[in-house]
Amino acid sequence: DAGVIQSPRHEVTEMGQEVTLRCKPISGHNSLFWYRQTMMRGLELLIYFNNNVPIDDSGMPEDRFSAKMPNASFSTLKIQPSEPRDSAVYFCASSWRAAGEQYFGPGTRLTVT
Amino acid sequence: DAKTTQPPSMDCAEGRAANLPCNHSTISGNEYVYWYRQIHSQGPQYIIHGLKNNETNEMASLIITEDRKSSTLILPHATLRDTAVYYCIVRTDQGAQKLVFGQGTRLTINP
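From first to last, the protein sequence lines stand for chains A and B. For the first sequence, counting from 1, position 66 maps to 66 in the working numbering; every step adds exactly one. For the second sequence, counting from 1, position 39 maps to 39 in the working numbering; every step adds exactly one.
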């Protein structure tokens with residue numbers, strides 16, 4: 001079985017540009033999580049969905065960040081406009097139930113110059 | 001508001017058992033102990049979890065003390081590929097839950 005799929009794996013963009021990160025969860029999983037990892041702050045949860053509905057977005061840093069899950073097999077995390085401090089590795093994870101173990105994708109390394 | 005305490009780093013010789021400790025003295029009765037690891041440049045990987053009984057799977061064993069205030073993750077025959085940061089997390093098994101990752105233990109397996 002394919003694991004969690006994320007694209008792109010690397011993204012380099014200029015400040016002010018829109019960035020869209022994509023995630024395909026494991027088939028059959030009904031919970032999806034977006035995390036961000038930086039050296040300074042470690043791994044932080046940004047938002048998670050249960051059955052395609054956002055449950056907790058308290059980790060989203062500001063209004064420049066938005067996330068959607070239009071169906072059970074796809075989610076996006078958008079940053080508009082991007083800033084250099086958004087540079088990080090963004091991970092998507094899925095779980096077959098909200099409280100179960102989570103399976104992570106390989107991450108997207110975002111660099112904003 | 002970290003609920004767990006882990007040593008920042010540990011070393012272990014290849015082929016030996018690696019024992020990673022975790023303190024969770026404020027754990028609640030309905031909270032499980034989860035272990036994840038993150039190998040360099042990869043996403044975190046689920047290893048094992050348990051409530052109060054010892055658990056074993058193909059990756060590791062989890063030993064939880066009787067008072068549940070601490071636990072030990074055991075990698076029975078460590079290999080170089082087990083070099084990673086290991087995270088101990090406590091969380092309930094009900095409802096939508098987020099994982100709160102602390103700093104973890106950086107385990108280095110030496111040849």
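Each residue gets a CB set at the ideal place from its N, CA and C atoms; glycine is no exception.
CB contact check: residue i to chain B, cutoff 8 Å
{"i": "Leu-32 (chain A)", "result": "no"}
{"i": "Leu-77 (chain A)", "result": "no"}
{"i": "Phe-91 (chain A)", "result": "yes"}
{"i": "Gly-16 (chain A)", "result": "no"}
{"i": "Glu-101 (chain A)", "result": "yes"}
{"i": "Pro-8 (chain A)", "result": "no"}
{"i": "Pro-25 (chain A)", "result": "no"}
{"i": "Phe-104 (chain A)", "result": "yes"}
{"i": "Asp-56 (chain A)", "result": "yes"}
{"i": "Leu-114 (chain A)", "result": "This structure cannot settle anything about residue 114 (chain A), because the visible part of chain A is limited to 1 through 113."}
Within-8 Å CB hit, residue i to chain A
{"i": "His-49 (chain B)", "result": "yes"}
{"i": "Pro-7 (chain B)", "result": "no"}
{"i": "Gly-43 (chain B)", "result": "yes"}
{"i": "Tyr-86 (chain B)", "result": "no"}
{"i": "Asp-123 (chain B)", "result": "With chain B represented from 1 up to 111, any question about residue 123 (chain B) goes unanswered, as that position is not in the structure."}
{"i": "Leu-99 (chain B)", "result": "yes"}
{"i": "Asp-67 (chain B)", "result": "no"}
{"i": "Thr-92 (chain B)", "result": "yes"}
{"i": "Asp-1 (chain B)", "result": "Low local confidence applies: a pLDDT of 46 at Asp-1 (chain B) is under 50, so the model's placement there is unreliable, with the coordinate-based value given in what follows. Not one chain A Cβ lies under 8 Å of Asp-1 (chain B)."}
First through last residue of the beta strand (DSSP E) which encompasses residue i
{"i": "Leu-73 (chain B)", "result": "70-75"}
{"i": "Pro-70 (chain A)", "result": "65-71"}
{"i": "Val-76 (chain A)", "result": "Inspection of the sequence shows that residue 76 (chain A) is occupied by Thr rather than by Val. 74-79 is the span of the beta strand (DSSP E), which, as asked, contains Thr-76 (chain A)."}
{"i": "Ser-28 (chain B)", "result": "No beta strand (DSSP E) holds Ser-28 (chain B); DSSP gives it neither H nor E."}
{"i": "Trp-96 (chain A)", "result": "Counting along the chain, Trp-96 (chain A) falls outside any beta strand (DSSP E), and DSSP gives it neither H nor E."}
{"i": "Thr-79 (chain B)", "result": "Taken as a continuous stretch (DSSP letters only), Thr-79 (chain B) belongs to no beta strand (DSSP E), as it is neither H nor E."}
{"i": "His-10 (chain A)", "result": "10-13"}
{"i": "Met-40 (chain A)", "result": "Here Met-40 (chain A) belongs to no beta strand (DSSP E), and DSSP marks it neither H nor E."}
{"i": "Arg-106 (chain B)", "result": "105-110"}
{"i": "Arg-109 (chain A)", "result": "108-112"}
{"i": "Asp-11 (chain B)", "result": "9-13"}
{"i": "Ala-18 (chain B)", "result": "18-23"}
{"i": "Gly-50 (chain B)", "result": "45-50"}
{"i": "Gln-102 (chain A)", "result": "Careful: Gln-102 (chain A) lies outside any beta strand (DSSP E) and carries neither H nor E."}
With 16 other Cβ atoms within 10 Å as the buried cut-off, status of residue i
{"i": "Ile-47 (chain A)", "result": "buried"}
{"i": "Ser-95 (chain A)", "result": "buried"}
{"i": "Gln-38 (chain B)", "result": "buried"}
{"i": "Glu-11 (chain A)", "result": "buried"}
{"i": "Thr-4 (chain B)", "result": "buried"}
{"i": "Asp-82 (chain B)", "result": "buried"}
{"i": "Ser-7 (chain A)", "result": "exposed"}
{"i": "Pro-8 (chain B)", "result": "exposed"}
{"i": "Val-53 (chain A)", "result": "exposed"}
{"i": "His-77 (chain B)", "result": "exposed"}
{"i": "Gln-17 (chain A)", "result": "exposed"}
For residue j and residue i, believed in contact at Cβ under 8 Å, the rounded distance
{"i": "Thr-108 (chain B)", "j": "Val-85 (chain B)", "result": "With a Cβ gap of about 10 Å, Thr-108 (chain B) and Val-85 (chain B) do not count as contacting."}
{"i": "Gln-42 (chain B)", "j": "Pro-84 (chain A)", "result": "Between Pro-84 (chain A) and Gln-42 (chain B) the Cβ distance is about 25 Å, and since that is not below 8 Å, they are no contact."}
{"i": "Arg-9 (chain A)", "j": "Tyr-90 (chain A)", "result": "With 8 Å as the limit, Arg-9 (chain A) and Tyr-90 (chain A) do not qualify as a contact, their Cβ atoms being about 11 Å apart."}
{"i": "Phe-33 (chain A)", "j": "Ala-93 (chain A)", "result": "4 Å"}
Below-8 Å beta-carbon distance, residue i vs any chain E residue
{"i": "Gly-28 (chain A)", "result": "Considering every chain present, this structure includes no chain E. Its protein chains are A and B."}
Practice task
Specify whether the stretch 69-87 of chain B and the stretch 6-19 of chain B touch according to this definition: at least 3 beta carbon pairs, one from each stretch, less than 8 Å apart.
Solution key: yes
Practice task
Indicate whether the contact test is met: 3 or more Cβ pairs, each with one atom in the stretch 44-61 of chain A and one in the stretch 28-45 of chain B, closer than 8 Å.
Solution key: no
Practice task
For the stretch 73-92 of chain A and the stretch 52-64 of chain A, state whether three or more C-beta atom pairs, one from each stretch, are separated by less than 8 Å.
Solution key: yes
Exercise for the section: Specify whether the stretch 2-16 of chain B and the stretch 37-53 of chain B touch according to this definition: at least 3 beta carbon pairs, one from each stretch, less than 8 Å apart. Expected result: no
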